[in-house]
Amino acid sequence: MDALLGLAGESALLPSRIQMAFTLATHVLLVPLGVAFPTLTLVMEGIGIARNDPVALRIARRWSVVMAVQFAVGAVTGTILSFEFGILWPRLMGRFGAALGLGFAIEGLAFFLEAIFIGIYLYGWKRLAPKTHFLLGLVLPPSGVLGTFAVLSANSFMNTPGGITVHEGRVIDIDAAAALFTESIGYEFWHFMIALYMTAGFAVASVYAVAWLRGRRDHYQRLAFAVPFTIAAALTPVQLVVGDLSARGLVEDQPAKFAAMEVTWTTRDHNPEVIGGLIDDSGQIHFGVVVPELDSLLVGYSTNAVIRGLSSFPAASRPTIVEANITHLAFDVMVGLGVAGAALASSYFWVLARRRRLPEGAWFYRLGAWAGVGCYVAVEMGWITTEVGRQPWIVYGLMRVSDAVTDAPASYVWTMLATLVVVYALLASFFATLLLRLAARWRREDLAPEEGAPYGPRPERLEARG
Amino acid sequence: MADLIALVLLLAITAYSTAGGVDFGAGIWDLLAGTSSRGRQARALIDHAMAPVWEVNNVWLVLSVVLCWTAFPSLFEVTFSSLYPLFTVALLGLILRGAFFAFRHVADDARSHRIADVVFGVSSLLTPFFFAASLGAIASGRVGSGSALEASFNPMTVAFGVVSVAATAFSGASFLVGDARRYAAPEMVAYFQRRVVAAGAALIATGTGALIVIASQVPSLLRSMLTGPGLPFALLTMVLTPVVMALAWRGIFRWYRISTVAAVGSLVFAWGFAQAPYLLPGQLTIAQAIAPPATQTVLLLVTAALVLLGVPAMGVLYYLDQRSTLESPEA
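Taken in order, these protein sequences are the chains called A and B.
Quick note: the first sequence uses this note's numbering, first residue 1, plus one each step.
Quick note: the second sequence uses this note's numbering, first residue 1001, plus one each step.
Written out as structure tokens, the structure is:
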């Protein structure tokens, strides 16, 4: 019957990979605000309470609505991801679910708590004393951290599996702590956590940087810019260090990924650092800037440090040339953006320290507006680096992506992918329209912005739509 | 311990069926409300009732999926390998529903409103149908033994799907009676009272039909439902559904919502207990599929944390929902 309906045919590997990449890339965009926005909102509310500043409270209250809307959209895209594990990669979970699932179970708990406490936070604006409201809100940041840890724990299991005993292809025993805290969780967690806070901070600030450029420069705009921007800017130099440690960790943990990131072909000392550029299948580098000795120096603090090259891995167990190039360029873009962010952050703190006020140049705010976009790009690039750089493995060294894929026909997955692209485009446009409507409404009036928002209290009267 | 985890999974599925059911049911009534002035009023009520819980019930769904792959990896693999067509449609309905519910609030012209209403309503119908159909597929015993198409589309999947649509419409109407009362809209209270009765009748009719299908397709399941461990729950459903209908008919607004939840929840339990100890009838038992002990321990700890932290938090939320507002801090 399958053949009759034209459902039989080639493997669904390619469309499954594209679909997973597409839906994950979308979900990743919602994560920074989902995890870190509550903290920014609470800092703002704390300022409002401490200084008795109604403007800060109004900002926090509006932010909480954006937080809820975006959390709801993230809940949809996250639900889809959880089903895709079964629809696209049933064998991954069939074999490693008992270990890989540990993180996700904890994430389920965190998700549950976040949903309820966002509800409490929104309801509480009009129903709780300010301090109680603030204190109950304090549950949100740790829930976000817990959820992030849990998902990254699952991801680092895929990168550096541990804590399992495999017998004849079956996981027969598990050490839960070792499976949750695998080799790479340390740097993956801190690197991503900081990235989320930076991105949320720069992204929120960028909205008010645009407002500044359009001439709206009152207390409201300045405060809403300064708080998130300061937090993000303070984290930027930290991220340079943590990012460096992450890359260093890969040298040991996933040498093939590191070789792809640096497009190193042959194992050697005095390895140069290639900035930009592409590698071909004979190991030649084209375009790009080659800095002699630098890679060895960065990795081993000595030009004699030996770096393993791609050619030292069997061809079937390392990223292909195309994948290596994608990994390399994504990595370079991420690092470049990180360095640019650090420069912007230093100029900000320089002005702050010298003149004790916010910068006033239009250029600063133009760059500030772009910093939000830049952070999202950097997050995507970092994610591409780690996922594409792991190819052809879905669980490093233990299971190939091609062995995990569904038996569903390719045509089926292609159709599903096309449908999802259309639906996601709709979702994105509705989401954007909704946010713009909110902004427009707030310019007119906003006695209780949280009413009628997802997770928020019901409006008090029943009004029919037009 | 394995049985306990299976029970937690069944509870998560039940929570989604009941809480999510209320939500989907409201969407179904939205679809059926029509364009008359009363229909518009009903739709406004549905809008107001649903906005605060938009997509929040996905929590239960995600928990069920995660529990399934963590606690019973082989069940997860086989089920998804066979039933991906059902899950794909259910999922599509889920996104479209969420997206177009949001779109209703931003659409400008009447035509886009109408489109949004229809897409929202139809997807509210599709999602519960196809999720329940997957449970029917599992109960049919064809998951893992037949082809994906045979497993996904057979009399059992249709029977479970149809019952779930009636059950969600029933839950939806019952809770909308409560919402209408809250907004002091007597006309809407009566409107949904009538619908509770109608949906209850539909639930009894489709439920009976489903029993006949089960009798012809999987007699062993029917036996277990009517004489085995599924019996108390099957009885509970059979008693509570008419009780809710009678309460709604007579306008006795006490215990009707909790009874609705119990009626629909028992329906899920009747299936789950009748099928135990099998996860896949005749093929895979709880003991065969369960993950190693360390995983079980973590799952029970997570469940305990969920209960200890989540239940009081939900209590706070409920309290806030009932509490009148303080003076606005900005006023």
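Ideal Cβ positions, reconstructed from N, Cα and C, are used throughout, including at glycine.
Nothing here was measured: the structure is a model prediction, and the numbers come from that model.
{"Query": "Return no unless some Cβ of chain B is closer than 9 Å to the Cβ of Y412 (chain A).", "Result": "yes"}
{"Query": "How about A1151 (chain B) and G1161 (chain B): do their beta carbons lie closer than 9 Å?", "Result": "no"}
{"Query": "In the DSSP assignment, find the beta strand (DSSP E) that holds H167 (chain A) and state where it starts and stops.", "Result": "I164 to H167"}
{"Query": "Measure how close the beta-carbons of L138 (chain A) and L235 (chain A) come, nearest whole angstrom, since I'm counting them as under 8 Å.", "Result": "L138 (chain A) to L235 (chain A), Cβ: 20 Å. No contact."}
{"Query": "Mind listing which residues of the stretch 427-439 of chain A have their C-beta closer than 8 Å to chain B's C-betas, in chain order?", "Result": "L427, F430, F431, T433, L434 and R437"}
{"Query": "Please list the segments of the alpha helix (DSSP H) lying wholly inside the stretch 1261-1326 of chain B, counting only runs of 4 or more residues, in order along the chain.", "Result": "1286-1289, 1293-1305 and 1311-1322"}
{"Query": "Any Cβ of chain B within less than 9 Å of the Cβ of I171 (chain A)?", "Result": "Sequence check: residue 171 (chain A) is Val here, not Ile. So yes, V171 (chain A) belongs to the interface."}
{"Query": "Is it right to say H191 (chain A) is buried, meaning 16 or more other beta carbons lie within 10 angstroms of its own, or is it exposed?", "Result": "buried"}
{"Query": "Can you tell me whether R465 (chain A) is buried or exposed, with buried defined as 16 or more other CB within 10 angstroms of its CB?", "Result": "Only weak support is given to the placement of R465 (chain A): the predicted model assigns it a pLDDT of 46, under 50, and the value that follows is read from those uncertain coordinates. By the 10 Å Cβ count, R465 (chain A) comes out exposed."}
{"Query": "In chain order, what are the residue ranges of uninterrupted alpha helix (DSSP H) at least 4 long that sit wholly in the stretch 301-352 of chain A?", "Result": "none"}
{"Query": "Tell me the start and end of each unbroken beta strand (DSSP E) in the stretch 1063-1113 of chain B that is at least 3 residues and wholly inside, in chain order.", "Result": "none"}
{"Query": "Which class does D281 (chain A) belong to by DSSP, given the choice of helix, strand or coil?", "Result": "coil"}
{"Query": "Just checking my contact of M1050 (chain B) with F1129 (chain B) at CB under 8 Å: how many whole Å lie between their CB atoms?", "Result": "Not confirmed; about 19 Å, so no contact."}
{"Query": "If we call anything under 9 Å between Cβ atoms a contact, is T1237 (chain B) one with G1025 (chain B)?", "Result": "no"}
{"Query": "So which of A:Y301, A:G338 and A:V66 has the shortest CA-CA distance to E239 (chain A)?", "Result": "It should be pointed out that residue 239 (chain A) corresponds to Gln in this sequence rather than to Glu. The residue with the shortest Cα to Cα distance from Q239 (chain A) is A:G338."}
{"Query": "Taking three-plus beta-carbon pairs below 8 Å as touching, is the stretch 401-414 of chain A in contact with the stretch 12-28 of chain A?", "Result": "yes"}
{"Query": "So with Cβ pairs under 9 Å, would you call D2 (chain A) a contact of chain B?", "Result": "With a pLDDT of only 44 at D2 (chain A), under the threshold of 50, the placement of this residue in the model should not be trusted; the figure read from the coordinates follows. Taking Cβ atoms only, chain B reaches closer than 9 Å to D2 (chain A), which makes this a yes."}
{"Query": "Can you tell me whether P1277 (chain B) is buried or exposed, with buried defined as 16 or more other CB within 10 angstroms of its CB?", "Result": "exposed"}
{"Query": "Is there a C-beta anywhere in chain A that falls below 9 Å from the one on G1136 (chain B)?", "Result": "no"}
{"Query": "For the stretch 1091-1107 of chain B against the stretch 422-442 of chain A, do three or more pairs of beta-carbon atoms, one drawn from each stretch, fall closer than 8 Å, so that the two count as touching?", "Result": "yes"}
{"Query": "Are there 16 or more other CB atoms within 10 angstroms of the CB of E1327 (chain B), so buried, or fewer, so exposed?", "Result": "Residue confidence for E1327 (chain B) is low, a pLDDT of 45 falling below 50, so the modelled location carries little weight; the figure read from the coordinates is stated next. Exposed: under 16 other Cβ atoms inside 10 Å."}
{"Query": "I18 (chain A) by DSSP, collapsed to three states: which one?", "Result": "helix"}
{"Query": "Which class does A3 (chain A) belong to by DSSP, given the choice of helix, strand or coil?", "Result": "The predicted model places A3 (chain A) with a pLDDT of 44, which falls under 50 and marks its position as unreliable, so this point remains unresolved."}
{"Query": "If you measure from the beta carbon of D175 (chain A) to each beta carbon in chain B, is any gap under 9 Å?", "Result": "yes"}
{"Query": "Who are the near neighbours of W125 (chain A) in its chain, counting only those whose CB is closer than 8 Å to its CB and skipping five residues on each side?", "Result": "R61, S64, H133, A448 and E450"}
{"Query": "What are the boundary residues of the beta strand (DSSP E) that I275 (chain A) is part of?", "Result": "E273 to I275"}
{"Query": "Can you list the residues of chain B that M93 (chain A) reaches, using a CB-CB cut of under 7 Å?", "Result": "W1069, P1073, F1076 and E1077"}
{"Query": "How far does the alpha helix (DSSP H) with W363 (chain A) in it reach, from first residue to last?", "Result": "A362 to V388"}
{"Query": "Looking at the strands, I want to know which residues DSSP matches up with W393 (chain A).", "Result": "A:R400"}
{"Query": "Can you grab the Cα-Cα spacing for the pair D332 (chain A) / I384 (chain A), in whole Å?", "Result": "11 Å"}
{"Query": "Rounding to the nearest angstrom, what Cα-Cα distance links V1218 (chain B) and G34 (chain A) in this structure?", "Result": "46 Å"}
{"Query": "Nearest-angstrom Cα distance between V1065 (chain B) and S82 (chain A)?", "Result": "7 Å"}
{"Query": "With a 10 Å radius around its C-beta and 16 neighbouring C-beta atoms as the bar for buried, classify E1077 (chain B) as buried or exposed.", "Result": "buried"}
{"Query": "Just to check my reading of the structure: L1203 (chain B) and A1166 (chain B) have Cβ atoms closer than 8 Å, yes? What is that Cβ distance to the nearest angstrom?", "Result": "4 Å"}
{"Query": "If you run the structure through DSSP and keep just helix, strand and coil, what is R444 (chain A)?", "Result": "helix"}
{"Query": "Which bits of chain B does A105 (chain A) rub up against, with CB to CB less than 8 Å?", "Result": "V1066, L1067, T1070, V1298, L1299 and V1302"}
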